[in-house]
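Protein chains in written order, with my numbering: chain X, 971 to 1156; chain V, 971 to 1156; chain W, 971 to 1156.
Don't be surprised by glycine CBs; every beta carbon is placed ideally from N, CA and C.
Heads up, the thing below is written out as structure tokens.
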Amino acid sequence: MGDAPKHISAIFLLVLVSGLVPSSHGHKIRPCKEMVFYFHDILYNGKNFDNATSAIVGAPAWGNRTHMAGFNNFGDMVVFDDPITLDNNLHSPPVGRAQGFYFYDMKNTFSAWLGFSFVFNCTELKGTLNFAGADPILVKTRDVSVIGGTGDFFMARGIATISTDAFEGDVYFRLRVHVKLYECWK
Amino acid sequence: MGDAPKHISAIFLLVLVSGLVPSSHGHKIRPCKEMVFYFHDILYNGKNFDNATSAIVGAPAWGNRTHMAGFNNFGDMVVFDDPITLDNNLHSPPVGRAQGFYFYDMKNTFSAWLGFSFVFNCTELKGTLNFAGADPILVKTRDVSVIGGTGDFFMARGIATISTDAFEGDVYFRLRVHVKLYECWK
Amino acid sequence: MGDAPKHISAIFLLVLVSGLVPSSHGHKIRPCKEMVFYFHDILYNGKNFDNATSAIVGAPAWGNRTHMAGFNNFGDMVVFDDPITLDNNLHSPPVGRAQGFYFYDMKNTFSAWLGFSFVFNCTELKGTLNFAGADPILVKTRDVSVIGGTGDFFMARGIATISTDAFEGDVYFRLRVHVKLYECWK
Chain X
971 MGDAPKHISA IFLLVLVSGL VPSSHGHKIR PCKEMVFYFH DILYNGKNFD
1021 NATSAIVGAP AWGNRTHMAG FNNFGDMVVF DDPITLDNNL HSPPVGRAQG
1071 FYFYDMKNTF SAWLGFSFVF NCTELKGTLN FAGADPILVK TRDVSVIGGT
1121 GDFFMARGIA TISTDAFEGD VYFRLRVHVK LYECWK
Chain V
971 MGDAPKHISA IFLLVLVSGL VPSSHGHKIR PCKEMVFYFH DILYNGKNFD
1021 NATSAIVGAP AWGNRTHMAG FNNFGDMVVF DDPITLDNNL HSPPVGRAQG
1071 FYFYDMKNTF SAWLGFSFVF NCTELKGTLN FAGADPILVK TRDVSVIGGT
1121 GDFFMARGIA TISTDAFEGD VYFRLRVHVK LYECWK
Chain W
971 MGDAPKHISA IFLLVLVSGL VPSSHGHKIR PCKEMVFYFH DILYNGKNFD
1021 NATSAIVGAP AWGNRTHMAG FNNFGDMVVF DDPITLDNNL HSPPVGRAQG
1071 FYFYDMKNTF SAWLGFSFVF NCTELKGTLN FAGADPILVK TRDVSVIGGT
1121 GDFFMARGIA TISTDAFEGD VYFRLRVHVK LYECWK
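Shown next as structure tokens:
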């Protein structure tokens, strides 16, 4: 009986650290936090500097930095600073910025790889979430890893399910990001 | 006695989340999952577009994008989409693609930094593993971090021990990747 | 009583895996390991090859690889191999190298994104720590994620609080890095 408090703290810690809420039958794992965001990427094409939120900064030998390289953009590397909104309207008040890079990595189809952060700066959300992973663009939904977080998202881990919400030529696309955290420390 | 189920679920959760199997004496930690893969990188050199699986997309001021830059390739940044096989034969049926980037980061020796995903697409394996870390190429084995995963590798973490299985000039190399996961959620 | 050992091992595992030391009242979480390092970045500017520890390898259309691009360096991507010291003296004996890349990602202020490793190679420290995250340079302290580690830092996770300790024009800066690990497996 004397060690009952230890059991409680062990269980408390588990919930604190892992945020796991397995169902009583089966092992279905539910997120400890879920959120949906949109981010909006406007690529510099030589004529739209003021509006552009991203630019090509690396390209293969056959490419350049104002037009995608051909062969499904293979090798084009882009740095971005995109507004994040809570709905799919580019002109909604942003809750933060999606900042990072992506590059196209397949010659025979559209596919990318992403490394970026959500940097929140609104009254409701402070801190960052960090992401990395493969983005096979033409697949309807694709999962990347939430590899860490700071502030409100201190030490978070999870999965972000990405879908392309709009795509307009080479210049504009909008991604819907369904963030599911499975490790919540806050 | 009434809280016995809690103890069980605490222990169950620990094994579920951490996949830890410490030996009874000492604290040796064994992986919850181990796998070995090979991946094959054929660098674009200006003449081999059809076969190439990677290309230089960034280079320092003294470099270009069809030849390595000199000074141990310092600053050359490469995007790749390499076949993954279960043995060391480039022509074995691939189980997926290794997609990502690496760059050379030392002037006085060969050393690189890796950010990439294994994107599995065979019947036995679905999902991705995400990796990041330093790769001091001339060291026989070097460890990078498994920073997350999706699908069959949902929320995985671990270590990947990399060794250079073959190296042919500037155009072809093959890496052996020993993946050891220590956090298994599936 | 028969399952007492289970309780102990559950608690033991928790401490082993999470390194959590919550205070008895409240839920303040303290690191399982803390360290402070400095690293020193000397950017190649066309004239300082011998001393330079970093170089621009990607730039937007309006930039080049020997001068920052304007518009707060937006799009400039830099590869680095910087000495790590225990104090703020560039000439102190290094305990390892900070190797990775950063890029500037805002047009209207100075802001960067970092992906790098600390590669330790002194007698006291062996192994690596891997980092990723947003670095809003003008903020006094900013947090990035420790996304993994190897060797002495096997499977580590945590937060690194970065502050700019010195900044001299476009060529030299020094970062102070306060590493706080919250998951310690060693």
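| field | X:A1025 at chain V interface by Cβ criterion, 8 Å | value | As a first step, residue 1025 of chain X must be located in the first sequence, where it is residue number 55. No, its Cβ sits nowhere closer than 8 Å to a Cβ of chain V.
| task | Using 10 angstroms around the beta-carbon of W:T1120, count the other beta-carbons present and answer buried if the total reaches 16, otherwise exposed. | result | As a working note, residue 1120 of chain W is residue 150 in the third sequence. Buried: at least 16 other Cβ atoms inside 10 Å.
| said: Quick check on DSSP: helix, strand or coil for X:D1122? | reply: Within the first sequence, the letter at position 152 stands for residue 1122 of chain X. Reduced to three states, the DSSP call for X:D1122 is coil.
| field | Interface flag, V:M1047 vs chain X, CB-CB below 8 Å | value | The residue given as residue 1047 of chain V occupies position 77 in the second sequence. Chain X, which has a Cβ nearer than 8 Å to the Cβ of V:M1047, makes this yes.
| Taking Cβ to Cβ, would you say W:A1082 is nearer than 8 Å to W:D1105? | Within the third sequence, numbered from 1, the residue matching residue 1082 of chain W stands at position 112. Within the third sequence, numbered from 1, the residue matching residue 1105 of chain W stands at position 135. Taking 8 Å as the Cβ cut-off, W:A1082 and W:D1105 qualify as a contacting pair.
| query | Considering only residues of the same chain and omitting the five flanking positions on each side of W:P1030, which have a CB-CB separation below 7 Å? | reply | By 1-based counting over the third sequence, the position of residue 1030 of chain W is 60. If we look at W:P1030 and ignore the five residues flanking it on each side, its Cβ neighbours are A1039, F1044, G1045.
| request: Could you tell me whether any Cβ in chain V is nearer than 8 Å to the Cβ of X:G996? | output: Position 26 of the first sequence, counting from 1, holds the residue named residue 996 of chain X. The predicted model places X:G996 with a pLDDT of 47, which falls under 50 and marks its position as unreliable, so this point remains unresolved.
| Spatial distance of V:D1135 from V:W1032 (CA atoms) | Locating residue 1135 of chain V in the second sequence gives position 165, where the first residue counts as 1. Locating residue 1032 of chain V in the second sequence gives position 62, where the first residue counts as 1. Going from the Cα of V:D1135 to the Cα of V:W1032 covers about 30 Å.
| message | Suppose only complete runs of 3+ residues qualify. What are the beta strand (DSSP E) ranges in the stretch 1062 to 1110 of chain X, listed by chain order? | response | 1066 to 1074, 1082 to 1091, 1096 to 1105
| Name the DSSP beta bridge partners of X:I1012, please? | To locate residue 1012 of chain X, count along the first sequence from 1; it is residue 42. The partner list for X:I1012 (beta bridge, DSSP) reads X:Y1142.
| task | Excluding the 5 residues preceding and the 5 following V:K1077 in the sequence, name in chain order all residues of the same chain whose CB lies nearer than 7 Å to its CB. | result | Your numbering for residue 1077 of chain V matches position 107 in the second sequence. If we look at V:K1077 and ignore the five residues flanking it on each side, its Cβ neighbours are F1041, N1042, F1044.
| message | What residue range does the beta strand (DSSP E) around V:G1028 cover? | response | Here residue 1028 of chain V refers to the residue found at position 58 when the second sequence is read from its first residue. 1024 to 1028 is the span of the beta strand (DSSP E), which, as asked, contains V:G1028.
| message | By DSSP's criteria, X:R1112 is part of a beta bridge. Which residues make up the other side? | response | Mapped onto the first sequence, residue 1112 of chain X falls at position 142. X:R1112 is bridged to X:I1132.
| field | Terminal residues of the beta strand (DSSP E) in which W:I1054 lies | value | As a first step, residue 1054 of chain W is located in the third sequence; it is residue number 84 there, counting from the start. That run of the beta strand (DSSP E) goes 1047 to 1055.
| task | Reducing DSSP to helix, strand and coil, say where V:W1155 ends up. | result | Here residue 1155 of chain V refers to the residue found at position 185 of the second sequence. DSSP places V:W1155 in coil when its eight states are reduced to three.
| Close beta carbons around X:V1049, own chain, < 7 Å, minus the five adjacent residues each side | Working through the first sequence from its first residue, we reach residue 1049 of chain X at position 79. Excluding residues within five positions, the ones whose Cβ falls inside 7 Å are S1024, A1025, V1027, F1071.
| Closer than 9 Å, Cβ to any Cβ of chain V: which residues of the stretch 1139 to 1154 of chain X, in chain order? | Y1152, E1153
| field | For V:R1144 and V:Y1008, believed in contact at Cβ under 8 Å, the rounded distance | value | The residue you call residue 1008 of chain V lines up with position 38 of the second sequence. The residue you call residue 1144 of chain V lines up with position 174 of the second sequence. So it is a contact: roughly 6 Å between Cβ atoms.
| query | Residues of chain W with a CB under 7 Å from the CB of V:R949: which are they? | reply | With chain V represented from 971 up to 1156, any question about residue 949 of chain V goes unanswered, as that position is not in the structure.
| message | Quick check on V:T1111 - is its C-beta less than 8 Å from some C-beta in chain X? | response | Within the second sequence, numbered from 1, the residue matching residue 1111 of chain V stands at position 141. Judged by the 8 Å Cβ criterion, V:T1111 is not in contact with chain X.
| query | So, do the stretch 1053 to 1069 of chain W and the stretch 998 to 1017 of chain W have three or more beta carbon pairs nearer to each other than 8 Å? | reply | yes
| said: Suppose the cutoff is 8 Å on Cβ atoms and the five residues either side in sequence are ignored; what does the same chain contact list for X:V1065 look like? | reply: For the purposes of this step, residue 1065 of chain X is taken as residue 95 along the first sequence, with counting starting at 1. Excluding residues within five positions, the ones whose Cβ falls inside 8 Å are F1007, I1054, T1055, L1056, F1090, N1091, C1092, E1094, L1095.
| query | Just by C-beta distance, which residues in the stretch 1054 to 1077 of chain W are closer than 8 Å to chain X? | reply | F1073, Y1074, D1075, M1076, K1077
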